[in-house]
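Okay, structure first, notes after.
2 protein chains.
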Amino acid sequence: MTRRQLHLNAFLMTTGHHEASWRLPESDPHAHVDLAHYVRLARIAERGTFDSLFLADGPQLWSSVAQRPAGALEPITLLTALATATEHIGLIATASTSYNSPYNLARKFATLDHISGGRAGWNIVTTAGAEAARNFGLDAEPAHAERYARAAEFLDVALKLWDSWEDDAIVADKAAGVWGDDAKIHPPRHQGRYFSVEGALNVPRTPQGYPLLVQAGSSEDGKRFAARYAEAVFTAQQTIEDARAFYADLKSRAVAAGRDADHIKVLPGIVPVIGSTEAEARANERVLEDHIVHTHGVDRLERLLHLDPGTLDLDGPLPADLPPESAIEGAKSRYTLIVELARRERLTVRQLIGRLGGGRGHLTFAGTPEQVADTIGLWFGSGAADGFNIMPAVLPSGLDAFVEHVVPILRARGLLRTEYGSSRRTLRERYGLPRPANQHVLAPALV
Amino acid sequence: MTRRQLHLNAFLMTTGHHEASWRLPESDPHAHVDLAHYVRLARIAERGTFDSLFLADGPQLWSSVAQRPAGALEPITLLTALATATEHIGLIATASTSYNSPYNLARKFATLDHISGGRAGWNIVTTAGAEAARNFGLDAEPAHAERYARAAEFLDVALKLWDSWEDDAIVADKAAGVWGDDAKIHPPRHQGRYFSVEGALNVPRTPQGYPLLVQAGSSEDGKRFAARYAEAVFTAQQTIEDARAFYADLKSRAVAAGRDADHIKVLPGIVPVIGSTEAEARANERVLEDHIVHTHGVDRLERLLHLDPGTLDLDGPLPADLPPESAIEGAKSRYTLIVELARRERLTVRQLIGRLGGGRGHLTFAGTPEQVADTIGLWFGSGAADGFNIMPAVLPSGLDAFVEHVVPILRARGLLRTEYGSSRRTLRERYGLPRPANQHVLAPALV
Numbered sequence: 001m002t003r004r005q006l007h008l009n010a011f012l013m014t015t016g017h018h019e020a021s022w023r024l025p026e027s028d029p030h031a032h033v034d035l036a037h038y039v040r041l042a043r044i045a046e047r048g049t050f051d052s053l054f055l056a057d058g059p060q061l062w063s064s065v066a067q068r069p070a071g072a073l074e075p076i077t078l079l080t081a082l083a084t085a086t087e088h089i090g091l092i093a094t095a096s097t098s099y100n101s102p103y104n105l106a107r108k109f110a111t112l113d114h115i116s117g118g119r120a121g122w123n124i125v126t127t128a129g130a131e132a133a134r135n136f137g138l139d140a141e142p143a144h145a146e147r148y149a150r151a152a153e154f155l156d157v158a159l160k161l162w163d164s165w166e167d168d169a170i171v172a173d174k175a176a177g178v179w180g181d182d183a184k185i186h187p188p189r190h191q192g193r194y195f196s197v198e199g200a201l202n203v204p205r206t207p208q209g210y211p212l213l214v215q216a217g218s219s220e221d222g223k224r225f226a227a228r229y230a231e232a233v234f235t236a237q238q239t240i241e242d243a244r245a246f247y248a249d250l251k252s253r254a255v256a257a258g259r260d261a262d263h264i265k266v267l268p269g270i271v272p273v274i275g276s277t278e279a280e281a282r283a284n285e286r287v288l289e290d291h292i293v294h295t296h297g298v299d300r301l302e303r304l305l306h307l308d309p310g311t312l313d314l315d316g317p318l319p320a321d322l323p324p325e326s327a328i329e330g331a332k333s334r335y336t337l338i339v340e341l342a343r344r345e346r347l348t349v350r351q352l353i354g355r356l357g358g359g360r361g362h363l364t365f366a367g368t369p370e371q372v373a374d375t376i377g378l379w380f381g382s383g384a385a386d387g388f389n390i391m392p393a394v395l396p397s398g399l400d401a402f403v404e405h406v407v408p409i410l411r412a413r414g415l416l417r418t419e420y421g422s423s424r425r426t427l428r429e430r431y432g433l434p435r436p437a438n439q440h441v442l443a444p445a446l447v
Numbered sequence: 001m002t003r004r005q006l007h008l009n010a011f012l013m014t015t016g017h018h019e020a021s022w023r024l025p026e027s028d029p030h031a032h033v034d035l036a037h038y039v040r041l042a043r044i045a046e047r048g049t050f051d052s053l054f055l056a057d058g059p060q061l062w063s064s065v066a067q068r069p070a071g072a073l074e075p076i077t078l079l080t081a082l083a084t085a086t087e088h089i090g091l092i093a094t095a096s097t098s099y100n101s102p103y104n105l106a107r108k109f110a111t112l113d114h115i116s117g118g119r120a121g122w123n124i125v126t127t128a129g130a131e132a133a134r135n136f137g138l139d140a141e142p143a144h145a146e147r148y149a150r151a152a153e154f155l156d157v158a159l160k161l162w163d164s165w166e167d168d169a170i171v172a173d174k175a176a177g178v179w180g181d182d183a184k185i186h187p188p189r190h191q192g193r194y195f196s197v198e199g200a201l202n203v204p205r206t207p208q209g210y211p212l213l214v215q216a217g218s219s220e221d222g223k224r225f226a227a228r229y230a231e232a233v234f235t236a237q238q239t240i241e242d243a244r245a246f247y248a249d250l251k252s253r254a255v256a257a258g259r260d261a262d263h264i265k266v267l268p269g270i271v272p273v274i275g276s277t278e279a280e281a282r283a284n285e286r287v288l289e290d291h292i293v294h295t296h297g298v299d300r301l302e303r304l305l306h307l308d309p310g311t312l313d314l315d316g317p318l319p320a321d322l323p324p325e326s327a328i329e330g331a332k333s334r335y336t337l338i339v340e341l342a343r344r345e346r347l348t349v350r351q352l353i354g355r356l357g358g359g360r361g362h363l364t365f366a367g368t369p370e371q372v373a374d375t376i377g378l379w380f381g382s383g384a385a386d387g388f389n390i391m392p393a394v395l396p397s398g399l400d401a402f403v404e405h406v407v408p409i410l411r412a413r414g415l416l417r418t419e420y421g422s423s424r425r426t427l428r429e430r431y432g433l434p435r436p437a438n439q440h441v442l443a444p445a446l447v
């Protein structure tokens, strides 16, 4: 049996995950709309034999563009361009179940899966925030539970659409003049609470059957959803204890839902800041912190914590009377993580902004390549992770440093593939997951 | 002043526009989901210095896949992949105003325009048919006038979104820590009959400002819409007289709407079937006709004419008591064109199916390269066309034949560019159109 190996995902974000990264001399402030920038990043990640790369997304522009690069190319479109510039790496796009229709979105992912030869993944989000809602005819954000109920129905419809062609529906009998077999087309005829979708998808079943299903919400609703649908989960965890608890909880929920624990991969985020010595790594981290504009950080933290503008004191602690997570309609689990981090480490608002500047709640780790590899190996080896969501503070240099210096150590330790090889081609194969059967085709044993 | 030259658009459709093209030995019946097939076509068109290529679309699968290749990759996604495989040619995707939301669609086209360096075009359709409606939560197709009212509001919102960033909104002042100028961001704050869209697009203004706006409806509603918004119009015309009348009508409508007649380009469709002699061309055409399955043709014609199944007699004429165009909620002008063609030429249903098999109502022309070039030159030179929508009966061979044999004649006659050159880079520049001003920026003379 093959030894268990890490799954690595490169989480790409313009000039890097650190909010001040765009201010460094090396950074291009127009990178967010530059295809060549993303092609460069994708090729670095492919050099590092990553399983996949990933783009976050939300269908809105934040209220101010002053603070840092705002806006982004639409992920499915951008990843299609990257599909043609790469050969092996998986391509995971974020898309919202609240602000798309199942027919259009299922079709776009099917198209990306065909074009990329089976490398498409969908990070399923329900999209928090009133800004997005107001771009789609709503006055306010739908309630958290409502968004997840819609998401579950969306997934059911999308799965019906992706299975609406059997794999062998195309007959292509030129002599008889018969192209397809209508008996192998299965229109969803779905009538639900949120959606009515009558007809079959107008794209044949794809190399993967459907895109790898990814999820990143860690609220109670989010975990329930992940246990039912997700094949990979991105999560923010600050301590190995929390990560172990999350990992065990999610795997057991998946088993309770009748799934194989091995068919849901858990990838915590890590923001590595690498130096050839620990002191150099810390100095690199300080350069980034020195570029933070603290008034911007206060704005953003107040938004994240749902506080009125002007509530926070830069050199004081967080207020003692913050509302409980249950009162938050937005990103619930991130809220709790940030509040707990500030209280556990007794951080001032200024210190908290410094800690969040790099990873918005994900684990930031400054150290040598060996130290980064040690941490990854420790979490991977002790039930806290199946792999990692690598979130470089600065791009492309931080990804390049990871691939140049950390990847060789992981390979030498047998934790990471040394090449893609030819036997596994699809994204789902890279993650060690089976190709899903079509819901309309009985398993051979049952026929 | 430069001599007026043809604008050529390559209308790509899987194995070709002839319904039986997929049955030829040369054709790949899986071409419709094969990126390499489309890359090959795009590169042939670019060799022929075409202005653009184009994909039709509808968000539904027809009720039977037996007859010929059904379904298609989503056009914006596919064209994004083609953007990376080409350098010069424009990329026009069809998308529906009835079954998309303005924020998502405006963003996708903005993304394609950035990725392609200003080569995006949008063929605006309102999407006829109940099949599509039932994939998006509706029981029946919205009325024709209702679809066009929604389309007009959709365009107004999309234009607001594309103009929501001024061209110089990105300041990128690293030293001061200021990335963008909030005063140059203009949220639409649109509250209309069909849409409410509050916030700015999350993509900066694009190389072209917005995609080239293309339209192909020739009904009364369609022409009114085109006169107001369209920069290029695809149209089906069977005779040069009809084409001249359409051309003159559309230009005068545009002028009446306060536009420059030269800023709306009219491109009739032509299905060239080429042979080295006229007899060879006719023989090529007959091979295609011999592959038509007539029962399929009857089904399709009954659908096009909104007749009950079993109404038509293969060897009789069309029924005398067909309803008037005003009673048709679908593709109105195509309906009238087909009925008039059958009556003018006294065609049986079988003969009509043969005539429609290649171009679904577009002008089918079998001849030598010189004859094809003569017809193109005649229409172009006598007020019937600004260029042509080239619709090869078989792909890729028909496009290749056009580029190899007709294009050199057009170039020798000074009717077509011999190379793309470096001064015009965007699709709008190729069509001889100005880059649109941002609606939020006063013209210099007015400041």
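From first to last, the protein sequence lines are chains A and B.
Going by the UniProt record's numbering, the residue at position 163 of the first sequence is 163; the numbering climbs one at a time, nothing skipped.
Going by the UniProt record's numbering, the residue at position 47 of the second sequence is 47; the numbering climbs one at a time, nothing skipped.
Heads up, the beta-carbon is just placed ideally off N, CA and C, and yes, glycines get one too.
Small disclaimer: the values here were computed from a predicted structure and weren't measured.
For my contact list, residue i and residue j are in at a C-beta cut-off of 8 Å; report their separation, rounded to the angstrom.
i: residue 225 of chain A; j: residue 152 of chain A; result: 7 Å
i: residue 221 of chain A; j: residue 148 of chain A; result: 4 Å
i: residue 207 of chain B; j: residue 117 of chain B; result: 6 Å
i: residue 51 of chain B; j: residue 16 of chain B; result: Not a contact, Cβ separation roughly 21 Å.
i: residue 42 of chain A; j: residue 85 of chain A; result: 6 Å
i: residue 98 of chain A; j: residue 77 of chain A; result: That pair is no contact at about 20 Å.
So for residue i, helix, strand or coil by DSSP?
i: residue 269 of chain B; result: strand
i: residue 183 of chain B; result: helix
i: residue 311 of chain A; result: coil
i: residue 349 of chain A; result: helix
i: residue 6 of chain B; result: coil
i: residue 84 of chain B; result: helix
i: residue 62 of chain B; result: coil
i: residue 20 of chain B; result: coil
i: residue 383 of chain A; result: coil
i: residue 409 of chain B; result: helix
i: residue 374 of chain B; result: helix
i: residue 295 of chain B; result: helix
i: residue 209 of chain B; result: strand
i: residue 195 of chain B; result: coil
i: residue 12 of chain A; result: strand
i: residue 442 of chain B; result: coil
i: residue 423 of chain B; result: coil
i: residue 355 of chain B; result: helix
In the DSSP assignment, find the beta strand (DSSP E) that holds residue i and state where it starts and stops.
i: residue 54 of chain B; result: 52–55
i: residue 125 of chain A; result: 120–125
i: residue 388 of chain B; result: 387–390
i: residue 364 of chain A; result: 363–367
i: residue 213 of chain A; result: 212–215
i: residue 318 of chain A; result: No beta strand (DSSP E) contains residue 318 of chain A, which DSSP labels as neither H nor E.
i: residue 262 of chain A; result: Run containing residue 262 of chain A: none; DSSP gives neither H nor E here.
Output the boundary residues of the alpha helix (DSSP H) element that contains residue i.
i: residue 399 of chain B; result: 397–401
i: residue 255 of chain A; result: 240–256
i: residue 222 of chain B; result: 220–229
i: residue 333 of chain B; result: 332–344
i: residue 149 of chain A; result: 144–162
Relative to chain A, which residues along the segment 177–197 of chain B have a C-beta separation below 7 Å, given in chain order?
-> 177, 178, 179, 180, 182, 185, 195, 196 and 197
Could you run through the segment 80–98 of chain A and flag, in chain order, every residue whose CB is less than 7 Å away from some CB of chain B?
-> 80, 81, 83, 84 and 85
Check distances from the C-beta atoms of the segment 112–143 of chain B to those of chain A and list, in chain order, the residues that come in under 7 Å.
-> 112, 114, 115, 131, 134, 135, 136 and 137
The segment 278–297 of chain A: positions lying closer than 8 Å to chain B by Cβ = 291, 293 and 296
When you check each C-beta in the segment 56–69 of chain B against every C-beta of chain A, which residues fall closer than 7 Å?
-> 59, 60, 61, 64, 65, 66, 67, 68 and 69
Of all the residues that make up the segment 296–318 of chain B, which are near chain A by a beta-carbon distance shorter than 9 Å?
-> 296
Cβ-based contacts, 8 Å cut-off: residues of the segment 420–436 of chain B near chain A = Residues of the segment 420–436 of chain B with a C-beta atom less than 8 Å from some C-beta of chain A do not occur.
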